[in-house]
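Data first, discussion second: the structure below is written as structure tokens.
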Amino acid sequence: MSRARTVVVGGGLAGMRTAEALSTKGFDGEVVVLSDESERAYNRPPLSKSALRADVTSDDVPLRMRKTADFEWRLETRVVDVDLDSHVLRLSDDTTLDYDHLVAASGVRPRRLDLAGPSTARHVVRTVADARALAQALSGTGDVVILGAGFLGTELAWTIARFGRVVTVVAPEAEPLVGAIGAPAAAALRRRSESAGVMFRNGRTATHVVGESAPRAVVLDNGEVLAASVVIEAVGSAPNVDWLRSTALDVTAGIEVDDRLGVVGASNFWAVGDVASAPQALLHGRRRRLEHWTHAGESARHVAAAILGSTEPFVSVPGFWTEQGGIRLDGYGFPGAADDHVLVAGDWDEDFLARSEFEGKLIGFLAAGFVKESAPLIKELSANAAAAHA
Numbered sequence: 001m002s003r004a005r006t007v008v009v010g011g012g013l014a015g016m017r018t019a020e021a022l023s024t025k026g027f028d029g030e031v032v033v034l035s036d037e038s039e040r041a042y043n044r045p046p047l048s049k050s051a052l053r054a055d056v057t058s059d060d061v062p063l064r065m066r067k068t069a070d071f072e073w074r075l076e077t078r079v080v081d082v083d084l085d086s087h088v089l090r091l092s093d094d095t096t097l098d099y100d101h102l103v104a105a106s107g108v109r110p111r112r113l114d115l116a117g118p119s120t121a122r123h124v125v126r127t128v129a130d131a132r133a134l135a136q137a138l139s140g141t142g143d144v145v146i147l148g149a150g151f152l153g154t155e156l157a158w159t160i161a162r163f164g165r166v167v168t169v170v171a172p173e174a175e176p177l178v179g180a181i182g183a184p185a186a187a188a189l190r191r192r193s194e195s196a197g198v199m200f201r202n203g204r205t206a207t208h209v210v211g212e213s214a215p216r217a218v219v220l221d222n223g224e225v226l227a228a229s230v231v232i233e234a235v236g237s238a239p240n241v242d243w244l245r246s247t248a249l250d251v252t253a254g255i256e257v258d259d260r261l262g263v264v265g266a267s268n269f270w271a272v273g274d275v276a277s278a279p280q281a282l283l284h285g286r287r288r289r290l291e292h293w294t295h296a297g298e299s300a301r302h303v304a305a306a307i308l309g310s311t312e313p314f315v316s317v318p319g320f321w322t323e324q325g326g327i328r329l330d331g332y333g334f335p336g337a338a339d340d341h342v343l344v345a346g347d348w349d350e351d352f353l354a355r356s357e358f359e360g361k362l363i364g365f366l367a368a369g370f371v372k373e374s375a376p377l378i379k380e381l382s383a384n385a386a387a388a389h390a
């Protein structure tokens with residue numbers, strides 16, 4: 001009798017952690033990780049900060065893995081189709097691979113804007129190759145325009161401003177990061193970045209890029225023209241679900257999973273990391289994809305346990321952090337979904353601790369400093385999540 005096989009589609013952090021957990025926690029079978037990249041998983045968050053260098057390689061941003069982990073990597077291997085009934089994958093080299101358990105860890109890719117004008121020197125940052133290309137472009141002179149004011153865009157702005165370049169961030173929202181951390185903290189981070197020389201065009205979008213072989217300027221929807229020799233697109237991400245298009249699954253906003261992270265409408269199929277669209281207890285069951293570093297590992301370990309027989313639901317309190325404006329800001333839960341932000345300690349323009357509430361109930365909090373004081377809020381959030389799921 002052949003050994004059971006678990007196939008993990010995607011070789012990023014979530015995929016690696018799933019395979020690692022299975023191979024070290026007692027899965028008595030074969031574990032195969034399929035990755036369309038040429039390198040094994042590495043740590044991506046530093047690419048917008050300390051690792052934004054023209055000579056950066058994946059060796060500079062390693063991920064630790066248990067020495068006892070034993071599984072098969074297949075790099076430069078893309079899944080092109082899947083038969084969910086027969087449990088068979090069709091691969092980019094025209095071979096097939098059957099599975100007993102399937103884990104989607106296919107992650108996301110940068111969204112691109114459909115803007116008229118040259119595409120050369122319009123950068124995204126997802127891989128070490130992206131970071132190298134951007135760093136090389138930044139070695140010249142000229143102004144930089146960043147389109148998008150989420151975590152990636154604002155972190156890049158802070159980093160590039162410290163290189164001495166003129167940086168302008170353009171985004172349609174009223175404040176940078178407002179959808180993730182709420183208006184008071186977003187305004188405070190903007191003020192910190194402005195003090196370092198970053199400029200913002202809030203409530204604006206780009207209409208086109210001026211230039212022939214390379215950008216010279218970006219034109220905004222109000223007619224303003226921003227000089228730019230480098231343009232960075234940081235306008236969010238799209239889930240990598242093309243390999244599931246032929247199935248009956250709804251993958252419009254990611255891969256829909258249940259409260260155990262099992263894919264809705266399929267058997268022995270799970271999804272982890274930022275491709276999974278899961279019901280969130282703190283949001284009364286509304287679905288969200290979570291593109292947080294910590295979520296990748298937590299969801300991976302949960303799915304590994306599920307494959308090994310656990311029936312426990314996945315009830316977690318999302319956690320994230322960002323380093324910009326001269327501070328590290330830690331967030332838990334869903335601060336951006338709150339209707340009230342209550343300053344518990346400190347000052348918005350210094351270190352602070354703030355509750356994020358919706359209809360009077362804690363759904364998240366933010367902390368710049370105040371690590372010890374955060375502990376009771378983590379307990380309260382965890383209790384709220386457990387109660388909402390019950």
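If you count the sequence shown from 1, position 59 lands on 59 in this note's numbering, and the numbers rise without skipping. Glycine residues also receive a C-beta, built at the ideal position from the N, C-alpha and C atoms.
* Asked: Cβ atoms of A21 and I255: under 9 Å apart, would you say?
  -> no
* **Residues sharing a beta bridge with H302, DSSP** => The partner list for H302 (beta bridge, DSSP) is empty, contrary to what the question assumes.
* Start-to-end residues for the beta strand (DSSP E) that takes in D394 -> The question about residue 394 has no answer, for the chain in this structure spans 1 to 390.
* Asked: If you draw a straight line from the alpha carbon of R192 to that of L249, how long is it in whole angstroms?
  -> 44 Å
* Asked: So, do the segment 224 to 235 and the segment 134 to 153 have three or more beta carbon pairs nearer to each other than 8 Å?
  -> yes
* Could you have a look at H87 and say whether DSSP puts it in helix, strand or coil? => coil
* Is A345 buried or exposed, if buried means 16 or more other CB atoms sit within 10 Å of its CB? -> exposed
* By a C-beta neighbour count over all protein chains shown, 10 Å radius and 16 as the cutoff for buried, is G265 buried or exposed? -> exposed
* Asked: Whole beta strand (DSSP E) runs in the segment 251 to 310 with 3 or more residues, listed along the chain?
  -> 269 to 271, 276 to 279 and 287 to 289
* Asked: If you drop the 5 nearest sequence neighbours on each side, which residues of the same chain put their C-beta closer than 6 Å to that of E39?
  -> S58
* **Residue range of the unbroken beta strand (DSSP E) whose run includes P215** => P215 to L220
* Asked: Going by DSSP, which residues form a beta bridge with N391?
  -> Because residue 391 is not part of the residues shown, which for the chain are 1 to 390, the question remains open.
* **Nearest candidate by alpha-carbon position, reference A180, set H389, K379, F358 and F334** => F334
* **Run of the alpha helix (DSSP H) containing F399, from where it starts to where it stops** => The structure shown does not extend to residue 399, since the chain is modelled only from 1 through 390, so no value can be given for it.
* To do: Under 6 Å Cβ to Cβ from V88, same chain only, skipping five residues before and after it: list those, please.
  => T96 and D98
* Report yes if the CB atom of D347 is closer than 9 Å to the CB atom of W243, and no otherwise. => no
* To do: Quick one: measure Cβ to Cβ for F314 and R245, integer angstroms, because I've assumed they're closer than 8 Å.
  => Going by Cβ atoms, the distance from F314 to R245 rounds to 26 Å, so no, they are not a contact pair.
* **Contact check, F352 vs A188, beta carbons under 9 Å** => yes
* **Proximity of D100 and L47 at Cβ, strictly below 9 Å** => no
* **Per-residue DSSP class, three states only, for L52** => coil
* Asked: Can you list, in chain order, the stretches of the alpha helix (DSSP H) that have 4 or more residues and sit fully within the segment 91 to 150?
  -> 128 to 137
* Asked: Since P45 is in the beta strand (DSSP E), which residue starts that stretch and which ends it?
  -> Element bounds for P45: n/a, residue is neither H nor E.
* Sequence-distant residues of the same chain with beta carbon closer than 8 Å to L381, five excluded per side -> L282, V317, Y332, G333, L362, I363, G364 and F365
* Count the other CB atoms, across all protein chains shown, that sit within 10 Å of the CB of S374; report buried if there are 16 or more and exposed otherwise. => buried
* **Beta bridge counterpart(s) of V230 as assigned by DSSP** => V144
* By how many angstroms is the C-alpha of G142 removed from the C-alpha of A214? -> 12 Å
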